[in-house]
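For reference, the structure discussed in these notes is given below.
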Amino acid sequence: FSEKMRQARLVFYEQDVDPRFVEVEAEKLRTLVHRLAPHIELRTKVYKAKSISRYKLTRPNGKEYYIPQHKPMEEGSQTLVVTNNDIGSQGHAGPETGCVHKPSMEEKIRAGADSAEITIHEWLHTIYGKEINGRKIPSPHDKTDPGFVDSTVRGPDGKKQWLDWYR
């Protein structure tokens, strides 16, 4: 590719989240995206959240969680909120907005794995369905859509890695 495709992503953090942690995580994600898809220039900006809304999500176990989200401030951008609040998973995202659970990211780091595996997964949810280079971005949960076979690669934390699929 002679010209890079640019993708902007805004990362917000809630009051009780260390902004330095978020800056480091944003850099990890940029590095991972560059390694997997050098034709994409992921730009990130980190802000303290000012207008978070929360929506209720009932997980399959019946437990309810309130998922923080922040609308994008720039056209064509996506947002993720970094939260300490229990959201019932490592992250949750949909079109344009999502969130990641900081304690899950810290757990992944302690296990020797790359916490950007969480943020790239949630970011892919925010761009699901968009067209890039003539192909629509599949759901990150549909691991067979691009013909990818179930991952046998495991990271240092013992969990499956989907980096080849994300590529």
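Under the working numbering, read the sequence shown as residues 706 to 872, first letter to last. Backbone N, C-alpha and C define an ideal beta-carbon position, used for all residues, glycine too.
Item	Value
Would you mind reading off the limits of the beta strand (DSSP E) that contains residue 754?	That residue, residue 754, is in no beta strand (DSSP E); it is neither H nor E in DSSP.
Look at the Cβ atom of residue 750, then the Cβ atom of residue 715, and state whether they are nearer than 9 angstroms.	yes
Whole beta strand (DSSP E) runs in the stretch 772 to 825 with 3 or more residues, listed along the chain?	782 to 788, 796 to 798, 802 to 806
Identify which residue in 786, 822, 817 has its Cα closest to the Cα of residue 801.	786
Return the CA-CA distance between residue 788 and residue 806, expressed in angstroms with no decimal places.	5 angstroms
Alpha carbon to alpha carbon, how far is residue 768 from residue 742?	37 angstroms
According to the neighbour-count rule (16 or more other Cβ atoms, all chains shown, within 10 Å of its Cβ), is residue 803 buried or exposed?	buried
Closer than 8 angstroms is the cut-off here; do at least three beta carbon pairs connect the stretch 714 to 730 with the stretch 772 to 783?	yes
Based on Cα-Cα distance, which residue from 868, 864, 863 lies nearest to residue 845?	868
Name the DSSP bridge partner or partners of residue 770?	762
List the endpoints of the continuous alpha helix (DSSP H) containing residue 727.	724 to 741
Could you tell me the distance, in whole angstroms, from the CA atom of residue 819 to the CA atom of residue 811?	10 angstroms
Name, in chain order, the residues that DSSP records as bridge partners for residue 718.	753, 787
Using the C-alpha atoms, what's the distance from residue 798 back to residue 764?	14 angstroms
With 16 other CB atoms within 10 Å as the buried threshold, where does residue 831 fall?	buried
With the cut-off set at 9 angstroms, would you say residue 863 and residue 816 are in Cβ contact?	yes
Using 10 angstroms around the beta-carbon of residue 836, count the other beta-carbons present and answer buried if the total reaches 16, otherwise exposed.	exposed
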